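Read the structure below first, then the notes.
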Amino acid sequence: MKPYYQDEWVTIYLGDCREILPQLPKVDLVLTDFPYANDTE
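Written out as structure tokens, the structure reads:
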């Protein structure tokens, strides 16, 4: 799994959380962005 962005403070992964989260070690924060362009009704 390749990071989308990484520096000394943060690593960002781009993808489906259902695929990425099981591959990660214990984390302190998961920041997500809801796809507001999608109709949720």
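First residue of the sequence shown? That's 1 in full-length UniProt numbering, and the numbers climb one at a time after it. We treat Cβ as the ideally placed atom computed from N, Cα and C, and that holds for glycine. Just so you know, these numbers come straight off a predicted model, no measurement behind them.
Inter-residue spacing [alpha-carbon to alpha-carbon] between residue i and residue j
{"i": "Glu8", "j": "Asp28", "result": "16 Å"}
{"i": "Cys17", "j": "Gln6", "result": "18 Å"}
{"i": "Leu24", "j": "Lys2", "result": "12 Å"}
{"i": "Phe34", "j": "Lys26", "result": "23 Å"}
{"i": "Val30", "j": "Pro22", "result": "13 Å"}
{"i": "Thr32", "j": "Thr11", "result": "13 Å"}
Element boundaries [alpha helix (DSSP H), containing residue i]
{"i": "Glu19", "result": "17-20"}
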